[in-house]
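Reviewing the structure listed below.
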Amino acid sequence: MSRVQIRTWCLDKYARFIQRSPPDGGVWKPYGNEKEQMLMSLSQENQLTITQGSTLLESHNLVRANSFMRGLSRTDSLLFLYKLQNETRRFKVKFSALETKTGQEVCAEAILVLSNFITIKTNINIKDQSSEGNNLIGCQMPGTHEQSIAALNNSLLHGEVTVGTMAKALLDRTNLPSAYYQCQSDSELIPQLLQTCLADPTFPAYVEAVEAQLKELISNDS
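Under this note's numbering, the first residue of the sequence shown is numbered 266, with each subsequent residue one higher.
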């Protein structure tokens, strides 16, 4: 079943920051609307996604996002920064203008909605986001940058990956980047949830069905 979208915004541009080893630091990888329209959507389950056609560019649950994600905005653009474990990521979007609204007005509406979940600083020069972003989200991590890069390079999940690749990584118990080990659920609720699942006689069949679907995704991706 597809998620019910409660808000959707059209995007002119999207870019993600690709981290590299010093002294390069990293580069921005831009995406445009030359092929298909890009959309940023917020679902009824508070899942924030950025898509281009059938390609999923970003997907983040915002229920507890204020503890690890921040935003910086200026005019019609919005920069997202987040830190999970020892991994940091950045991506930014530029909102499309509508017939009756400018891109800046559309951005302001998005900020109004997203501010219910994360802190967003406005009127920030996001072209100089390196120092501002690191100070904002506490991304200074002496001694861990090289370890994070090494973890990414040794993982299947490096750069753009398909759903099938992600499924294979889960089944093969691949060493994932540390960001994938961040649990957003309340740890105190996990034991109770697990007991409830194990007490349900249909749970083993559900687990088998999930594993079968993962294998099917891998097969379709190969």
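Note that the Cβ used here is the ideal one computed from N, Cα and C, for glycine as well.
**Asked** How big is the Cα-Cα spacing for Gly368 and Glu352?
**Response** Taking the sequence shown and counting its residues from 1, the one referred to as residue 368 is at position 103. Taking the sequence shown and counting its residues from 1, the one referred to as residue 352 is at position 87. Spanning the two alpha carbons is a distance of roughly 31 Å.
**Request:** Give the DSSP-derived three-state secondary structure of Gln478 in the structure shown.
**Result:** If you number the sequence shown from 1, residue 478 lands on position 213. Helix, per DSSP.
**Asked** Taking only runs of the beta strand (DSSP E) that begin and end inside the stretch 318-387, which ones reach a length of at least 3 residues, in chain order?
**Response** 320-326, 334-339, 342-349, 352-360 and 384-386
**Message:** Applying the 10 Å Cβ sphere with the 16-neighbour rule, what's the burial state of Trp274?
**Reply:** One-based indexing of the sequence shown puts residue 274 at position 9. It counts as buried.
**Nonlocal neighbours in the same chain, by C-beta distance under 7 Å from Gly290, ignoring five residues either side** = Translated into the one-based positions of the sequence shown, residue 290 becomes position 25. Taken in chain order, the list of residues that qualify is empty.
**Message:** Quick check on Leu337: buried or exposed, where buried means 16 or more other Cβ atoms within 10 Å of its Cβ?
**Reply:** The residue labelled residue 337 in the question sits at position 72 within the sequence shown. So Leu337 ends up on the buried side.
**Request:** Put Asn277 into one of helix, strand or coil per three-state DSSP.
**Result:** As a working mapping, residue 277 is identified with position 12 in the sequence shown. According to the sequence provided, residue 277 is Asp. The question's Asn does not apply to it. Of the three classes helix, strand and coil, the one that applies to Asp277 here is strand, per DSSP.
**Asked** Are the stretch 355-371 and the stretch 326-343 touching, with three or more C-beta to C-beta distances below 8 Å?
**Response** yes
**Prompt:** What does Leu285 pair with, by DSSP beta-bridge criteria?
**Reply:** Numbered from 1 along the sequence shown, position 20 holds the residue referred to as residue 285. A quick correction: the sequence has Arg, not Leu, at residue 285. Arg285 pairs with nothing; no bridge assigned.
**Request:** Just confirm the distance between the C-beta atoms of Thr248 and Glu301, as a whole number of angstroms; I'd bet it's less than 8 Å.
**Result:** Because the chain spans 266 through 487 in this model, residue 248 falls outside it and cannot be assessed.
**Asked** Rounded to a whole number of angstroms, what is the C-alpha to C-alpha distance between Lys509 and Leu458?
**Response** Since the first residue shown for the chain is 266 and the last is 487, residue 509 is missing from the structure and cannot be characterised.
**Item:** Cβ shell of Asn485 (< 7 Å), same chain only, five flanking positions each side left out
**Value:** Against the sequence shown, residue 485 aligns to sequence position 220. Same-chain partners within the cutoff: Gly429.
**Prompt:** Which residues does DSSP pair with Tyr471 in a beta bridge?
**Reply:** By 1-based counting over the sequence shown, the position of residue 471 is 206. Looking at the DSSP assignment, Tyr471 forms no beta bridge with any residue, so it has no partner.
**Request:** Quick one: measure Cβ to Cβ for Met303 and Leu276, integer angstroms, because I've assumed they're closer than 8 Å.
**Result:** Numbered from 1 along the sequence shown, position 38 holds the residue referred to as residue 303. Numbered from 1 along the sequence shown, position 11 holds the residue referred to as residue 276. So it is a contact: roughly 4 Å between Cβ atoms.
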